[in-house]
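Read left to right, the sequence shown gives residues 1 to 150 (this note's numbering).
Ideal Cβ placement from N, Cα and C applies to all residues, glycine included.
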Amino acid sequence: MSTPVSPASAVQFTRALAVGSLLGLIVLGLAWELWLAPLRPGGSWLVLKVLPLTLPLPGLLKHRMYTYRWLSLLIWLYFTEGVVRATSDAGLSAVLAGIQVLLCVLLFVACALHVRVRLKAAGKEAVAADAARHALETGAPADPAPTPKP
1 MSTPVSPASA VQFTRALAVG SLLGLIVLGL AWELWLAPLR PGGSWLVLKV
51 LPLTLPLPGL LKHRMYTYRW LSLLIWLYFT EGVVRATSDA GLSAVLAGIQ
101 VLLCVLLFVA CALHVRVRLK AAGKEAVAAD AARHALETGA PADPAPTPKP
């Protein structure tokens, strides 16, 4: 019989996986476009694609749930680039694109699991409080609370 994983350890694991794969994408993007297989010898301006990946790092390190949510959407742009370059480039560039696709999938899974585990552990009251707090901070309407069925 297997022992259940505690929510705290699952949160730590998914956080470590998300931070690790995000750092991997940053390092891969820099190395790819500057040294390993740049579009032009000596590096290219395509290295700037790494800059948006640095934005979520503080949020991930501070356990901000909202960061995990929007990062899970942003990462699909890098996934798409990886798939396109894996199928259109040749040699080392195609291999690096495959690694990028793998890191994107790992990051997405880590973000999705992190949000799921934290919401499940927090309970309905905490989720409603978080939605209300976010609505106050942003001025956006809060999601309507579902009405209980009789």
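In angstroms, rounded to a whole number, what distance separates the CA positions of residue i and residue j?
i: T138; j: A131; result: 11 angstroms
i: A94; j: L102; result: 13 angstroms
i: A86; j: G98; result: 6 angstroms
i: G42; j: E81; result: 21 angstroms
i: A110; j: L39; result: 31 angstroms
i: A129; j: V84; result: 41 angstroms
i: A122; j: A8; result: 11 angstroms
i: A135; j: W45; result: 39 angstroms
i: Q100; j: F79; result: 7 angstroms
i: R64; j: A90; result: 39 angstroms
i: F13; j: K62; result: 15 angstroms
i: S88; j: E125; result: 49 angstroms
Should residue i be counted as a contact of the ligand HEM given a C-beta to heavy atom distance under 8 angstroms?
i: I75; result: This structure lacks the ligand HEM, and indeed carries no ligand of any kind.
With residue i and residue j assumed to form a contact (beta carbons below 8 angstroms), what rounded beta-carbon distance in angstroms separates them?
i: L60; j: R15; result: 7 angstroms
i: L96; j: L28; result: 7 angstroms
i: L71; j: P56; result: 5 angstroms
So, for residue i: in the same chain, excluding its five sequence neighbours on each side, which residues have a beta-carbon less than 7 angstroms away from its beta-carbon?
i: I26; result: V50, L53, T54
i: G24; result: L103
i: P141; result: A135
Look at residue i and residue j and say whether their C-beta atoms are less than 9 angstroms apart.
i: A10; j: L107; result: no
i: C104; j: S6; result: no
i: A37; j: L92; result: yes
Grab me the residues of residue i's own chain with a C-beta within less than 8 angstroms of its C-beta, minus the 5 sequence neighbours each way, in chain order.
i: R69; result: C111, V115
i: Y66; result: G59, H134
If you drop the 5 nearest sequence neighbours on each side, which residues of the same chain put their C-beta closer than 6 angstroms to that of residue i?
i: V47; result: E33, L34
i: I75; result: C104, L107, F108
Quiz item: Is the segment 28–47 close to the segment 108–115, with three or more CB pairs under 8 angstroms?
Solution: no
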